[in-house]
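The numbering of the sequence shown is this note's numbering, which starts it at 157 and goes up by one. For each residue, glycine too, the CB sits at the ideal point set by N, CA and C.
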Amino acid sequence: MKPEKKTPLIPRQYLLPFVLVTSCFALWGFANDITNPMVKAFSKIFHMSVTDGALVQVAFYGGYFVMAFPAAIFIRRFTYKSGVLMGLGLYATGALLFFPAKIIGIYGCFLIAYFIMTCGLSFLETSCNPYILSMGDEQTATRRLNMAQCFNPCGSIIGMFVAMNFIQARISPLSSEERGLLSSEEFDALKEADLSVLVSPYLLIGAIIVVMFFVILFTKMPRNGDQSHDLNLRPTLRRLLRMPRYWKGVVAQFFYVGAQIMCWTFIIQYGTRVFMAEGIGEQAAEVLSQRFNIAAMILFICSRFIATYLMKWCRPATLLTVFGTLAMAFTIGVIGFQGRLGIYCLVAVSGCMSLMFPTIYGLALDGLGDDAKLGAAGLIMAILGGSVLPPLQALIIDQGTVFASFPATNASFILPFICFLVVAAYGLDMRKAVANR
């Protein structure tokens, strides 16, 4: 008797396309995580509140929401490769627009650049995620997507490293309060110098994206799932809305992305409060907090590889339930502890978040066939959670304290706790659905 052949995770004919598309995961990871610390940076440079600074996230993740559905229609009309190229083109355009935004010197111009950049990221995510799912056997699709998504946080770490060493460490150490005491001429000169530091990495990544555009343009890519170009929007949407595993997945993705962005954005505010209470200066406290953010991302990467490996034996829905429950437990620690132990809990939360996005994505699109092109749009539109929820958390943080003397920064993490509750509930629901098949 011949031994059974194991189904390869990535068939040989898809290896080069898989590598190229997976590199796009790292590229948008860079954009996501160089941006999170910019909430604090823009707040200082333009002397604004945390709530105003959080408009960066509104513009950034709002672009995902606005462009996801048009991206899905574009991909269905053309090809996954066309969607990837359109995404890279918009990404590069938005990044390069940071230069004229710096010349103009108005906060709103940066928000426009972020919005255009993330319209490109929306195209990329709407294209690349289902494209990866299609590059091999359907039984290994969720594992394959988790493998590709492992390289997203690699880009994120580079983004965090650049933000910490080439932006946060190089802008003026003057606090927001000290900037408010400067004359208008001094403030404008300082703002221009700080903006020059801030835009340089964006211009560099814009140039790299242009190179990547031409590499993919001249590479032969598979046409998986590109056979049907009929839109049939209404019947497709009806079918999707009749599938609980899909629309519940969209809801879970909304709350997961909101939790991820809140945890990775406001770790800076959380850590800064803790370290300043220990007598460390504001800028040094911010840099130290960013180091913890990088540690969180390293744990995120390691945990994602481990989770991908565990999926050989454990059902994705079961792992999602377990990791969601652990995230809730650590978030309680983030809220309750007011010293460094709270930061350690916040770092641990990242380890729990590692498998959530690709696993929710894979579970929601399981068995959709060609409907996955439009289904992917709903899951990318759910990234709106990263635009809606962080400003709500910023509003709580701006209160300073709640319940007399309890730090508002700690209390604000009740929002991520609720998000993880929704994710764990979706995992449990899908686990029961699989068991009842």
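Quick one: what does DSSP say residue i is sitting in, helix, strand or coil?
i, result
"F307", "coil"
"T296", "helix"
"M204", "coil"
"P164", "coil"
"F461", "helix"
"M157", "In this predicted model, M157 has a pLDDT of only 39, less than 50, meaning its place in the structure is not dependable enough to derive any value."
"S328", "coil"
"I436", "coil"
"L535", "helix"
"F569", "coil"
"S445", "helix"
"S339", "coil"
"K237", "helix"
"L524", "coil"
"M316", "helix"
"K468", "coil"
Cutting at 8 Å between CB atoms, please list the residues of its own chain near residue i, excluding the five before and the five after it.
i, result
"V207", "This sequence places Thr at residue 207; Val is not what is there. Closer than 8 Å at Cβ, skipping near neighbours: P547, A550, L551, D554."
"L396", "Y402, W403, L524, D527, L530, G531, G534"
"G542", "Q213, F216, Y217, Y220, V413, G414, Q416, I417"
"G336", "H203"
"T557", "P563, A564"
"F559", "A567"
"I372", "L176, K237, V240, L241, L244"
"L301", "N285, I288, L289, P514, Y517, G518"
Considering only DSSP beta bridges, list what residue i is partnered with.
i, result
"F562", "V558"
Considering just the uninterrupted stretch of the alpha helix (DSSP H) at residue i, what are its terminal residues?
i, result
"S179", "171 to 191"
"Q375", "At residue 375 the sequence reads Thr, which differs from the Gln that was named. Careful: T375 lies outside any alpha helix (DSSP H) and carries neither H nor E."
"P514", "512 to 521"
"C265", "263 to 290"
"C419", "400 to 421"
"K604", "Here the chain comprises residues numbered 157 to 593, so residue 604 is not present and cannot be evaluated."
"I231", "211 to 233"
"G492", "472 to 492"
"M509", "496 to 509"
"A550", "541 to 553"
Going by beta carbon distance, what residues of the same chain come within less than 7 Å of residue i, once the five residues before and after it are set aside?
i, result
"T296", "T163, L165"
"T487", "V505, F569, P572, F573, F576"
"E438", "S331, T428, M432"
"V366", "A248"
"A182", "F307, N308, C310, G311"
"Q324", "P193, A197, E442, V443, Q446"
Would you call residue i buried or exposed, if buried means 16 or more other Cβ atoms sit within 10 Å of its Cβ?
i, result
"I491", "buried"
"N192", "buried"
"K468", "exposed"
"F271", "buried"
"V503", "buried"
"D293", "exposed"
"Y287", "buried"
"Y247", "buried"
"S568", "buried"
"P159", "Legend: pLDDT at P159 = 43, less than 50; position of this residue unreliable, value from coordinates given subsequently. Counting Cβ neighbours within 10 Å, P159 comes out exposed, since fewer than 16 surround it."
"D344", "exposed"
"P400", "exposed"
"A363", "exposed"
"L172", "exposed"
"I424", "buried"
"F230", "buried"
"N449", "buried"
"L497", "exposed"
"Q169", "exposed"
"L244", "buried"
"P514", "buried"
"P357", "buried"
"Y236", "buried"
"N188", "buried"
"P472", "buried"
"N285", "buried"
"L460", "Residue 460 is actually Arg in this sequence, not Leu. Under this definition R460 is a buried residue."
Only counting the same chain, and skipping five residues up and downstream in sequence, which positions put a Cβ closer than 6 Å to that of residue i?
i, result
"Y426", "T565"
"L444", "F431"
"A319", "I190, P193"
"Y263", "F202"
"T252", "A small correction: the amino acid at residue 252 is Leu; Thr does not occupy that position in the sequence shown. If we look at L252 and ignore the five residues flanking it on each side, its Cβ neighbours are G362."
"M303", "T464"
"S352", "none"
Would you say residue i faces chain D, with C-beta separation under 8 Å as the test?
i, result
"F221", "Of the protein chains in the structure, only one exists, and it is not chain D."
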